[in-house]
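One point on numbering: in our numbering, the residue at position 83 of the sequence shown is 82, and numbering is uninterrupted. Yeah, the Cβ is synthetic: ideal placement off N, Cα and C, and Gly gets one too. Everything on this sheet refers to the single structure shown next.
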Amino acid sequence: MGAGLTPENLRLTQAGENLEITFVGDVTGTQVVLEDFALDNLDNLLKQRGGSVDRGNILFDGEANFADSFDVFNADSTQSHLWNRDTVTFLNDLDNTIRGFSQSNDVINGLGGDDIILGLSGDDFLNGGDGDDTYTGGVGADQFVFGLGQGVDIVTDFEIGIDTISLGGLTPEGVQLLESGDNTLVLTQSNELLGALQGVTGVDSTIFA
């Protein structure tokens, strides 16, 4: 992949029989569509011996190390741990409980399902996708995604001044923060609940990435 197209802003979407590869951020106009292609048919897959997980690699700027690769989980199996450090991981539409690596900058995309995603230590990027997901970033400067129309997500250990919230499909001006007891709710201006920060109050728009 070229300049500006990084593992952190990569998005894979199964649209019918096609796989859409898009990017967020400053390269939102970039899109690749693989016709008649599914997530579990990615090139260069390596079937784990005795296991149920397929792995595949996409190269970023010509590099092939683990920091520039991603994993894809089978559509019919839940998983509990990652296979590689510093790797972009795509789960499936089931309810997964997934743990990242300690001292690793993990990028975990839940796709569908009500996922429990634990980043452990490192600067992690956690995106639950559709469903009501629960994030625990662990130690490090973590980024959690709250997406429009993607369910209600919960962050259990948000650290003010360290962690951030990434808004999928919205801008900071399009949301509001509302304190509810010891928690902070993140809602759209039309009062659609996107997520909650447990045990956190006194935040403002600086929490958004």
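Taking each of N95, L169, I20 and G136 in turn and checking the Cα distance to G121, the smallest one comes out for G136. Note on geometry: alpha-carbon atoms of L166 and G128 lie some 12 angstroms from one another.
In this structure, L176 sits near V202, with a CB-CB distance shorter than 8 angstroms. Around the beta carbon of L196, a 10 Å sphere encloses 16 or more other beta carbons of the protein chains shown; the residue is thus reported as buried. Under the criterion of beta carbons closer than 8 angstroms, N126 and G109 qualify as touching, at roughly 7 angstroms.
The beta carbon of D152 lies closer than 6 angstroms to those of G127, D132, F145 and G194 in the same chain, with the five residues before and after it left out. For L193, the enclosing beta strand (DSSP E) has its first and last residue at L192 to L196. Considering only A208, I107 and L186, the residue with the shortest C-alpha distance to G150 is L186. Residue state for S204 is assigned as helix, using DSSP reduced to three classes. For the options G168, G148, Q142 and T170, the alpha carbon positioned closest to that of F157 is the one of Q142. The three-state reading of DSSP puts G128 in coil, since its state is none of H, G, I, E or B.
In the DSSP assignment, D105 falls outside any beta strand (DSSP E), carrying neither H nor E. For G168, the closest alpha carbon among the candidates L184, D94 and G148 is that of G148. A residue is called buried when at least 16 other Cβ atoms come within 10 angstroms of its Cβ; G130 meets this threshold and is buried. Counting only residues of its own chain and dropping the five nearest sequence neighbours on each side, A208 has a CB closer than 6 angstroms to the CB of Q142, T163 and S165. One alpha carbon belongs to N190, the other to G173, and they sit about 10 angstroms apart. In the structure shown, E172 falls within a helical segment according to DSSP collapsed to helix, strand and coil.
About 7 angstroms separates the Cβ atoms of L117 and G99, confirming a contact at the 8 angstroms cut-off. According to the DSSP secondary-structure assignment, S179 is paired through a beta bridge with N182. T205 and T170 have their C-alpha atoms spaced approximately 12 angstroms apart. Contact check for D123 and D94: beta-carbon distance about 20 angstroms, past the 8 angstroms limit, so the pair fails to qualify. Going by DSSP, Q142 is part of the beta strand (DSSP E) stretching over Q142 to G146.
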